[in-house]
Amino acid sequence: AQSVTQLDSQVPVFEEAPVELRCNYSSSVSVYLFWYVQYPNQGLQLLLKYLSGSTLVKGINGFEAEFNKSQTSFHLRKPSVHISDTAEYFCAVSDIQGGSEKLVFGKGTKLTVNP
Amino acid sequence: KAGVTQTPRYLIKTRGQQVTLSCSPISGHRSVSWYQQTPGQGLQFLFEYFSETQRNKGNFPGRFSGRQFSNSRSEMNVSTLELGDSALYLCASSLAADYEQYFGPGTRLTVT
Numbered sequence: 001a002q003s004v005t006q007l008d009s010q011v012p013v014f015e016e017a018p019v020e021l022r023c024n025y026s027s028s029v030s031v032y033l034f035w036y037v038q039y040p041n042q043g044l045q046l047l048l049k050y051l052s053g054s055t056l057v058k059g060i061n062g063f064e065a066e067f068n069k070s071q072t073s074f075h076l077r078k079p080s081v082h083i084s085d086t087a088e089y090f091c092a093v094s095d096i097q098g099g100s101e102k103l104v105f106g107k108g109t110k111l112t113v114n115p
Numbered sequence: 116k117a118g119v120t121q122t123p124r125y126l127i128k129t130r131g132q133q134v135t136l137s138c139s140p141i142s143g144h145r146s147v148s149w150y151q152q153t154p155g156q157g158l159q160f161l162f163e164y165f166s167e168t169q170r171n172k173g174n175f176p177g178r179f180s181g182r183q184f185s186n187s188r189s190e191m192n193v194s195t196l197e198l199g200d201s202a203l204y205l206c207a208s209s210l211a212a213d214y215e216q217y218f219g220p221g222t223r224l225t226v227t
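So the protein sequences, as listed, match chains C and P.
So the first sequence is numbered by the numbering used here: it starts at 1 and just counts up by one.
So the second sequence is numbered by the numbering used here: it starts at 116 and just counts up by one.
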């Protein structure tokens with residue numbers, strides 16, 4: 001079974017500082033990887049996804065992630081964060097069975113950007 | 116294009132009651148998935164429907180059920196509610212071909 005580990009449950013940073021949110025996955029097959037963001041009292045919004053091709057993936061709001069197959073990691077980065085980036089971030093792997101797409105999520109990382 | 120809509124947004128029920136939640140996917144999307152989000156367990160997959168057929172099911176008891184209609188709208192039902200069913204229930208739709216799921220705002224269910 002696939003699983004996702006987000007290594008930090010909370011990450012506090014100052015505004016305009018760089019940030020990295022770490023994600024490791026376990027899977028015996030090829031995977032599709034995703035990062036979602038959740039603002040308070042809202043659903044999930046896709047930040048970026050890795051399906052194949054270039055291991056560096058760029059997403060919305062200035063975020064990017066790098067797929068590392070040997071380390072089974074998919075860390076999310078942003079060079080300079082804003083107050084508005086304060087939210088919870090979820091890493092997910094797609095478990096495809098018989099054409100059905102089930103997302104397996106990590107426990108989430110709460111990013112707090114302080115002024 | 117309108118996003119995924121879920122109704123109601125908030126719901127308070129008593130233990131032992133049943134509840135039905137509704138999800139309208141993005142126009143053209145035929146796959147609808149449901150997830151339960153709790154502080155303790157995080158985001159867990161409930162089930163996925165495609166063209167009115169359940170294609171996948173998570174590890175939840177039979178009290179949790181769902182269905183999908185011909186217009187792709189989906190409902191999930193929880194019978195004999197327990198306190199532990201209090202959660203945010205999220206619905207997501209996809210084209211089923213691009214592996215991108217679009218989430219609705221969720222229904223916050225509180226069981227007292």
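Note that the Cβ used here is the ideal one computed from N, Cα and C, for glycine as well.
Within chain P, the residues that residue i reaches when beta carbons sit closer than 7 Å
i: Leu-56 (chain C); result: Ordered by position in chain P, no residue passes the 7 Å Cβ test against Leu-56 (chain C), which lies about 19 Å from the chain.
i: Ser-52 (chain C); result: Here the premise fails: no neighbours, minimum Cβ distance about 11 Å.
i: Asn-43 (chain C); result: Going by the sequence as given, residue 43 (chain C) is Gly instead of Asn. Those within 7 Å of Gly-43 (chain C) in chain P are Leu-205, Phe-218, Gly-219, Pro-220 and Gly-221.
i: Phe-105 (chain C); result: Gly-157 and Leu-158
i: Phe-90 (chain C); result: Leu-158
As assigned by DSSP and simplified to three states, the class of residue i
i: Gly-62 (chain C); result: helix
i: Ser-84 (chain C); result: helix
i: Asp-95 (chain C); result: strand
i: Ile-141 (chain P); result: coil
i: Thr-98 (chain P); result: This structure leaves residue 98 (chain P) out entirely; chain P is present only between 116 and 227.
i: Pro-154 (chain P); result: coil
i: Pro-12 (chain C); result: strand
i: Val-113 (chain C); result: strand
i: Arg-22 (chain C); result: coil
i: Gln-38 (chain C); result: strand
CA nearest to the CA of residue i, picked from the options
i: Ser-187 (chain P); options: P:Thr-153, P:Gln-169, P:Gly-157 and P:Phe-175; result: P:Gln-169
i: Ser-185 (chain P); options: P:Ser-194, P:Asp-200 and P:Tyr-164; result: P:Tyr-164
i: Thr-86 (chain C); options: C:Ala-17, C:Phe-34, C:Glu-101 and C:Thr-112; result: C:Thr-112
i: Leu-158 (chain P); options: C:Val-93, C:Glu-16 and C:Ser-100; result: C:Val-93
i: Gln-6 (chain C); options: C:Ile-96, C:Cys-91, C:Asp-95 and C:Pro-18; result: C:Cys-91
i: Gly-118 (chain P); options: P:Tyr-150, P:Ser-194 and P:Ser-142; result: P:Ser-142
i: Ser-84 (chain C); options: C:Arg-22, C:Val-4 and C:Gln-38; result: C:Gln-38
i: Thr-135 (chain P); options: P:Ser-166, P:Gln-151, P:Gln-152 and P:Phe-179; result: P:Phe-179
i: Cys-138 (chain P); options: P:Tyr-204, P:Val-226 and P:Leu-224; result: P:Tyr-204
i: Leu-198 (chain P); options: P:Gly-181, P:Thr-225 and P:Gln-151; result: P:Thr-225
i: Lys-229 (chain P); options: C:Asn-41, C:Glu-101 and C:Pro-12; result: A question about residue 229 (chain P) goes unanswered here, because the residues of chain P that appear run from 116 up to 227.
Listed by chain order, chain P residues near residue i by CB distance under 9 Å
i: Gly-108 (chain C); result: Gly-157 and Leu-158
i: Tyr-32 (chain C); result: Tyr-214
Neighbouring residues, chain C, relative to residue i (Cβ below 7 Å)
i: Glu-69 (chain P); result: Limits of chain P in this structure are 116 at one end and 227 at the other, which puts residue 69 (chain P) out of reach.
Task: Cβ contact check for the stretch 77-94 of chain C and the stretch 54-67 of chain C: 3 or more pairs under 8 Å - done: yes
Task: Cβ contact check for the stretch 25-37 of chain C and the stretch 116-126 of chain P: 3 or more pairs under 8 Å - done: no
TODO: Mind the definition here: the stretch 132-146 of chain P touches the stretch 200-211 of chain P only if three or more C-beta pairs lie below 8 Å; say whether that holds.
DONE: yes
Task: beta strand (DSSP E) runs wholly inside the stretch 168-222 of chain P, at least 3 long, in chain order - done: 168-172, 179-183, 189-193 and 202-209
TODO: Would you check if there are 3 or more beta carbon pairs closer than 8 Å linking the stretch 212-222 of chain P to the stretch 40-47 of chain C?
DONE: yes
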